[in-house]
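Colleague: Residue numbers (numbering that gives the first Met the number 0), protein chains in the order written: chain A, 0 to 421; chain B, 0 to 374; chain C, 0 to 166; chain D, 0 to 99.
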Amino acid sequence: MTTLLEILEQPLVLALIRVLIVFTALSLIVAYLVYAERKILAHIQVRLGPMRVGPHGLLQPIADGLKLLLKEDIIPEGADRAVFWLAPAITVLASFTAFSLIPFADNFYVTDVNVGLLFVIAISSLGVLGIILGGWASNSHYPLLGALRSTAQLVSYEVALSFALISAILLAGTLSMNGIVKAQLQQEVWFAFMQPVAFFILFVAAIAETNRNPFDLPEAESELVAGFHTEYSGFRFSLFFLAEYAAMVLVSSIAVTLFLGGWLRPFPNVEWLGFLRFAPVVVFGAAGTWCFLRFFRFPTGREWFWQRLMLFALGTGAAAAALGLLYPPVLVASQGAFWFLAKVFLFLYAFIWFRGTFPRYRFDQLMRLGWHFMIPVAIVNVIFCGVGLVLSWELGWNRSLSLLLASGATLLVAAWLARGRS
Amino acid sequence: MEQTPSVSTTILGADEVILNMGPQHPSTHGVLRVKLKLDGEKVISSECIIGYLHRGVEKIGETRTYAQFAPYVDRTDYVAAVSNGLGYCEAVEKLLGAEAPPRARWVRTILTELQRIASHLLWLGTHALDIGAMTPVFYCFREREEILKIFEKYCGARLTTHAFRIGGLLYETYDGFEEDVKKFCHDFLSRVDEYEELLTENRIWIQRTRGVGILTADDAIAMGASGPVLRGSGVKWDIRRAFPYAAYDQFEFDIPVGENGDTYDRYLVRMQEMRQSHRIVLQAIDSIPSGPIAARIGKVLKPPPGEVYHSIEAPKGELGYYIVSDGSTQPYRLRIRPPSFVNLQVLDQMIRGLLIADVVAVIGTLDIVLGEVDR
Amino acid sequence: MTFYEVTFYVLALVALLSAILVITCRNPVHSAIFLVLTLLSVALIFLQLQAEFMAAVQIIVYIGGIMVLFLFVIMLVNLDVAVRQAPYNRQRWIAGFAALVLLAEFALFIYRGRDWAKLPPAAAEAVQPNTELIGRALFQSYILPFEVASLLLLVAMVGAVLMAKQR
Amino acid sequence: MVPTWHYLALAAALFTVGVIGVLTRRNIIIIFMSLELILNAVNINLIAFARHWGSVDGHIFAIFIITVAAAEAAVGLGILIAFFRNRDTVNADEIDLLKW
């Protein structure tokens, strides 16, 4: 006689449950990431953004999703149907599967392999296949050109990205994602402070990897209309879209895990900053208060009834969450995921912010930046990082000092490489 | 449409490839079609195919009376309708031998300069959008909206204004006109600083525009370029200064010029021009003379037989009207010299040897309006 | 049969079937997709053999690198003509026969070695921690071959650039 | 536990499929892909033996084989592109001249 609890404790079932939770949460995060992007961009651009569906457009992602699902499915004449169908699936699969290796909290991850980071890189590199196949299967010139550009860009910046990751691995001494976070806890410092150059390279390469402005050439609508997914519509398009935003979350998660201490709270070893653990309470409390304030200031009347109701429900929910978080065990359990998501959101905000600020590189400029600047600097950084570590191991130098010296030397090389550029 | 050869040969560089850009391409600013001969992504030569928006405006002019034709000119360069109207009205006035009274000339100057700012704002927004900067277009439209509101209050229309009449103005300025303009001017300079903060020092913007689409001063003159395209190449030529019209001889303003004649210089020139327009408007708004707003020219316009050419400095360059009168109520021949049309012909020279992405930037920097190119 | 064993046979079947499809598809893009599938199954078989590092390397280098390169070249080279031509060459029957002889040889040798294969394999923990062991072996016992391999890659890179360069 | 000879059988089958591909197909690209199949079959063998004897030397060999495969693909495809540019074909049996 097996009880329900025993079934739930089977390793396979447990993994399945975690996969389900991660997948659902991720889908929701991605959907609302699109909403956040539209709202933040709108704010930057003195507009309102979505306001109609739900209070402040909160239901807009759901409406968009429904619309995309119900749209007519168009396959262009002469397209390779099977490949056309396969391509978005590959891309989505690649970007979602990689999340199974990300530690969201101390004890919450789908799996923790001893070569975790390598697998994340491996799985996310599969996404390129979807892009190139999608562009080819459309049987049209603009998508093919977009796909070729996209592939060239992704492959080039993957090199710089991987080299940036290597220096974090050197510091941590492990490839396990959770192990890297724990190494940062042990060494009492986020690796971003030990390896600022690598962090910067990772950040830039991550933007290029996700085809975001200023590296959004594959989708440069003023040149290539919409890049590799020009011919895609409806559900298939939404898959590409989903994959793109999931990839954004993924690279942010990798960067956070490797360089910003993953699920650790800021300064995890400083005792007197312990009050920071109440941050989730504050965030939810603030959200609840805002909802109630909006609720009272919302226009009354029949047509606003549902919107007001929703605001009220949201406010109540947030307030209840804040109160629930005051219960110590819940508070402790929520710490990891809260800080992880908060840091990831910081990254995502930067992505959106850049999109509102920068013009776009030209293709040759992008490639030159990648091959003539990013990759050499990344390689030099790895070399100097190794030198710094050896200095501290063999000669007993202060570890932070030698690493900072290494970063300084890298910066000198970078300045030499960047000379004479406008 | 030509059959475009397969992309594969494009990339392997076996042959030259012809690629059609437009007429529905999002960044050809309307219905321009550019036939590009490419080597890989590099442009070997190009050919502009125009006329998709041809409406026969000049021919229509021969079948309308002078006053009836005035609204038509608004529809050539439809983002700078006020300037078109000014050019046409002054040309007919010259033909009639009449002159608008000072108050009318002052108001015309103010509105035309506001229109120049509005046109440049639209150019800046779309140009930046073509190069991938998404935000400036919204900022620009915010200020352009203020200008269009002033137009709407003044004459009831925002885009195709038909603001002026032959011989002067139809409407007296509305109550609070001066306050509105001053309020706009008060904020405007800081707003221009805001745009420049986003773009002028931006490394990506500089990389995308500096050294791209170079036009030498000699070439610019030889090809008949005018306006910011000419001044960006370093030629200090402005019809407002060379042959003053309206009330321009009364105001102080500088003529900004570029040095290298590249896209970045033309950008800087237009930004400076907005500041100078602001300066002119500020001077004019404080000194609007009182008096009549229209000259007495009678209801039926019958200019004496003869011909006249009158040109003004429209936002995009020299906008000229050549009118031949046979003494009847309708022009015998009416010809518009559109700045966009003439400026467009330097495109081929500017984009040779550049990449496709640069073509988009260069089309943007020429600031063409297809309504004016095709008429 | 345990879950662990079932995965191997499923993966082996997938790898073999898609390998056959690789060499029978007319369209090279389809071949490439099936090759990706084969390589992916092989990577998972590596994983099942406790070779995590090799599995990751297989995916990164083969699928993320070599296959993307293949697809890139397929798209650069205009294959419309090639797809319509006969896919097999004149020697196909002789070649098929020779391959069958080869398969027979393999079968013979595996059959002969069946006693040896019955020896109990080493404990799964012997090759763990995988990455660390590989790293030590690669940078201590095999440092010279490793450096030679890097030289090979350099030469290959220069050669490829020279070959593909226009004129 | 899957017996080691099952891995060898799989490798042998993949190897044969690869050989058939190399010998019978006309398209050079597919011939290259078949070569990758052959190399992969060898890798399976190496890794299976490495597991069998509990040593990572097989992994090291597999790494070198992957290196060679990468180099081969890069050079081979480079030659292919050069060839296609000059002769406009990718058929192996049309490459029968020592010069062009």
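Ideal Cβ placement from N, Cα and C applies to all residues, glycine included. Quick caveat, the model's predicted, so the values are computed rather than measured.
#1: Under the DSSP definition of a beta bridge, which residues are partnered with L37 of chain B?
#2: Using Cβ-Cβ distances below 8 Å, what residues of the region 345-363 of chain A are close to chain B?
#3: Select from the region 74-87 of chain D all residues with a C-beta closer than 7 Å to any C-beta belonging to chain C, and list them in chain order.
#4: For the putative contact between G133 of chain A and S94 of chain A, defined by C-beta atoms under 8 Å, what is the C-beta separation to the nearest angstrom?
#5: For the beta strand (DSSP E) containing R336 of chain B, list its first residue and its last residue.
#6: Three-state secondary structure (DSSP) at Y8 of chain C?
#7: Which class does G167 of chain B belong to by DSSP, given the choice of helix, strand or coil?
#8: Distance, Cα to Cα, L238 of chain A vs L34 of chain C?
#9: Within 10 angstroms of its Cβ, does G134 of chain C collect 16 or more other Cβ (buried), or is it exposed?
#10: Which same chain residues, not among the five before or five after N83 of chain B, have their C-beta less than 8 Å away from its C-beta?
#11: At 7 Å on the CB atoms, spell out the chain D contacts of F45 of chain C, in chain order.
#12: Listed from N- to C-terminal order along the chain, which residues in the region 127-140 of chain A have their beta-carbon within a distance smaller than 9 Å of any beta-carbon of chain C?
#13: Considering only the beta carbon of each residue, do P267 of chain A and L402 of chain A sit closer than 7 Å?
#14: Using the Cβ count rule (16 or more neighbours within 10 Å means buried), how would you classify G175 of chain B?
#15: When you compare the CB positions of A94 of chain C and L22 of chain D, do they come within less than 7 Å of one another, or not?
#16: Over the uninterrupted beta strand (DSSP E) stretch that includes V323 of chain B, give me the two end residues.
#17: Below 7 Å between beta carbons: does that hold for L169 of chain A and G115 of chain A?
#18: Report the residues of the region 101-117 of chain C with a CB closer than 8 Å to any CB of chain D, ordered along the chain.
#19: Give, in chain order, every unbroken run of the beta strand (DSSP E) that is at least 3 residues long and sits entirely within the region 68-94 of chain D.
#20: Answer yes or no: does any C-beta atom of chain A fall closer than 7 Å to that of P27 of chain C?
#21: Comparing alpha-carbon positions, which option in A:F362, A:G323, A:F227 and A:A413 lies nearest V281 of chain A?
#22: Below 7 Å on C-beta distance, what does V112 of chain A contact in chain C?
#23: Compute the Euclidean distance between the alpha carbons of S118 of chain B and L110 of chain B, then round it to the nearest angstrom.
#24: In chain order, what residues of the same chain lie with their CB nearer than 8 Å to the CB of V67 of chain D, ignoring the 5 residues before and after it?
#25: At the 7 Å Cβ level, is S124 of chain A part of the contact set with chain C, yes or no?
#26: Which whole-angstrom value describes the C-beta separation of R265 of chain B and V228 of chain B, a residue pair presumed to lie in contact below a C-beta threshold of 8 Å?
#27: With three or more C-beta pairs closer than 8 Å as the rule, is the region 348-363 of chain B touching the region 354-363 of chain A?
#28: Kindly indicate if chain D contains any beta-carbon less than 7 Å away from that of E131 of chain C.
#29: Beta-carbon within less than 6 Å of A332 of chain A's beta-carbon, same chain only, minus the 5 sequence neighbours each way: which residues are those?
#30: Taking 8 Å as the threshold, find out whether the region 95-111 of chain B comes into contact with the region 295-304 of chain B through three or more Cβ pairs.
#31: Using a Cβ cut-off of 7 Å (strictly closer), state whether P213 of chain A contacts chain B.
#32: Hey, does E1 of chain B have any beta-carbon neighbour from chain A nearer than 7 Å?
#33: Quick one: is S289 of chain B buried, meaning 16 or more other Cβ sit within 10 Å of its Cβ, or exposed?
#34: Grouping DSSP H, G and I as helix and E and B as strand, with all else coil, what is A356 of chain B?
#35: Hey, out of A:D111, A:L390, A:S391 and A:F383, whose CA is closest to G407 of chain A's CA?
#36: Classify N26 of chain D: buried if its beta carbon has 16 or more other beta carbons within 10 angstroms, exposed otherwise.
Modeller: If we stick to the structure as given:
#1: Answer is B:V16 and B:V42, bridged to L37 of chain B.
#2: The residues in question are R354, G355, T356, F357, P358, R359, Y360, R361, F362 and D363.
#3: Result list: V74, L76, G77, I78, L79, I80, A81 and F83.
#4: In this structure, G133 of chain A and S94 of chain A do not form a Cβ contact; the two beta carbons are roughly 14 Å apart against a cut-off of 8 Å.
#5: Where R336 of chain B is concerned, the enclosing beta strand (DSSP E) stretches over P330 to R336.
#6: Y8 of chain C falls in the helix class under three-state DSSP.
#7: Reduced to three states, the DSSP call for G167 of chain B is strand.
#8: Taking the straight line from one Cα to the other gives about 24 Å.
#9: G134 of chain C is classed as exposed because its beta carbon has fewer than 16 other beta carbons within 10 Å across all chains shown.
#10: So the qualifying residues of the chain are V72, D73, T75, D76, A313 and L318.
#11: Under a criterion of Cβ atoms nearer than 7 Å, the residues of chain D adjacent to F45 of chain C are, in order, I46.
#12: Here the close residues are V127, L128, I131, L132, G134, W135 and A136.
#13: Result no, Cβ atoms of P267 of chain A and L402 of chain A do not sit closer than 7 Å.
#14: Taking a 10 Å sphere around the C-beta of G175 of chain B, we find fewer than 16 other C-beta atoms and assign the residue as exposed.
#15: Their beta carbons are under 7 Å apart, which means A94 of chain C touches L22 of chain D by this criterion.
#16: Start and end: G316 to S324.
#17: No, the pair does not count as a contact, with Cβ atoms beyond the cut-off.
#18: Across the region 101-117 of chain C, CB contacts with chain D closer than 8 Å involve L101, L102, F105, A106, I109, G112, R113, A116 and K117, in sequence order along the chain.
#19: Secondary structure in the region 68-94 of chain D: no beta strand (DSSP E) run of 3 residues or longer lies completely within the stretch.
#20: Chain A contact via Cβ: absent.
#21: Selected option, being the one with the closest Cα: A:G323.
#22: Listed along chain C are E51, each with a C-beta nearer than 7 Å to that of V112 of chain A.
#23: When rounded, the distance between both Cα atoms is 12 Å.
#24: Within the same chain, L38 come within 8 Å of V67 of chain D by CB-CB distance, once the 5 residues on both sides are set aside.
#25: Closer than 7 Å to some Cβ of chain C, the Cβ of S124 of chain A qualifies, so yes.
#26: Confirmed, about 6 Å.
#27: A contact exists between the region 354-363 of chain A and the region 348-363 of chain B.
#28: With 7 Å as the cut-off, E131 of chain C does not count as an interface residue toward chain D.
#29: Taken in chain order, the list of residues that qualify is empty.
#30: Yes: the two stretches touch, three or more of their Cβ pairs being nearer than 8 Å.
#31: Interface criterion met: the Cβ of P213 of chain A is under 7 Å from a Cβ in chain B.
#32: Unreliable positioning characterises E1 of chain B in this predicted model, as indicated by a pLDDT of 36, which lies under 50. A coordinate reading is not provided.
#33: Label assigned to S289 of chain B: exposed.
#34: In the structure shown, A356 of chain B sits in a helix (DSSP, three-state: H, G or I).
#35: Answer by Cα proximity: A:F383.
#36: Counting of Cβ neighbours within 10 angstroms places N26 of chain D among the buried residues, the total reaching 16 or more.
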